[in-house]
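Beneath this line is the structure, given in structure tokens, with notes to follow.
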């Protein structure tokens, strides 16, 4: 997708869940991420309905304005007439990604995985308190500079760095003086100049990030082409477990829809024609080997999404010893109370 420079001109939405039901009755999270600033939002939901999604969207709009485009997958709630009517009333264009191919919108997928990892660190053993941690985790995510932009989401949206716990501690140590008042006109002009400079740098950084990502993908990619009428197998979730997928078919290719998508005839399904990414297709041979190979994959749409429970544990880095000898014992104790021991490790990420 092209690089977006205007905050909240295009946003991505997705659903995480079902999670453990909280004491307040929440089981899902509607996640939203802005393409220009990478600024995230997260709304706890009790159920996945068009009404609950629309209400959360209106909350977002009340703070950041009406987006022009919203990217979602093809989940039932996102395709509902209610939400489509909201889009029409507000002049929003809905963009749908390819089914069962979450890489189509890597931005929100990376955000989802990060949020899940953060929740794991903080939730209680019974997992019923994750909703109370969401505001704090959102704050942490927003204040960290993003590799693709070079700035934190908060700074790109508001034009200044957010004041966090470490800033409070530093002010107490340094006994910082109050900032001098600035005339409104001067402040506006300085802010406009700063935002223009940041926008230029962000555009350059995001172009470089796209080039790196494309280069990494191209090194592993293999071109595959299918013709109309050809029979293929599809990698689809099984009916009894949406985290378990296997090659199913054969199905017939109807036509090529885009550079990497095909329309497939599925007469036994409720939707007779569906579009799939080429990565989920492979040629069918009537006398070939067994096609019952099974893989664990992500459940793309919100009824079930327990991916984080099935992923192999990440190799934890070794905590880096921080030399705090230049600080007084009192200041060392204050700093350790704020910064977890495993915050700085010898492995990036």
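In our numbering, the protein residues as written are 4 to 352.
Heads up, the beta-carbon is just placed ideally off N, CA and C, and yes, glycines get one too.
Since we're looking at a predicted model, the values are computed, not measured.
- Taking a contact as a CB-CB distance under 8 angstroms, the pair residue 14 and residue 36 counts as one, their CB atoms being some 7 angstroms apart.
- The straight-line gap separating the alpha-carbon atoms of residue 258 and residue 265 is approximately 6 angstroms.
- Only residues of its own chain outside the window of five on either side were considered, and among them none has a CB closer than 8 angstroms to the CB of residue 271.
- By the CB criterion at 9 angstroms, residue 72 and residue 51 fall outside the cutoff.
- The beta carbon of residue 137 sits closer than 6 angstroms to those of 45, all from its chain and outside the five residues before and after it, given in chain order.
- No Cβ-Cβ contact shorter than 9 angstroms links residue 228 with residue 252.
- Minimum Cα-Cα distance from residue 226 among the listed residues 184, 268, 124 and 284 corresponds to 284.
- About 11 angstroms separates the Cβ atoms of residue 86 and residue 59, ruling out a contact at the 8 angstroms cut-off.
- DSSP places residue 157 inside the alpha helix (DSSP H), whose first and last residues are 156-161.
- Across the set 188, 81 and 337, the C-alpha of 81 shows the shortest separation from the C-alpha of residue 57.
- Following the DSSP letters along the chain, one finds residue 335 inside the alpha helix (DSSP H) bounded by residues 332-341.
- If you draw a straight line from the Cα of residue 99 to the Cα of residue 260, it comes to about 14 angstroms.
- Buried is the label assigned to residue 254, since at least 16 other Cβ atoms lie within 10 Å of its Cβ.
- For residue 230, there is no enclosing alpha helix (DSSP H), as DSSP marks it with neither H nor E.
- Within the same chain, and ignoring the five residues on either side of residue 32 in sequence, the residues whose Cβ sits closer than 8 angstroms to its Cβ are 18, 19, 20, 22, 45, 46, 47, 48, 118 and 137.
- DSSP places residue 132 in the coil class of the three-state scheme, outside both helix and strand.
- Around the beta carbon of residue 279, 16 or more other beta carbons lie within 10 angstroms, which makes this residue buried.
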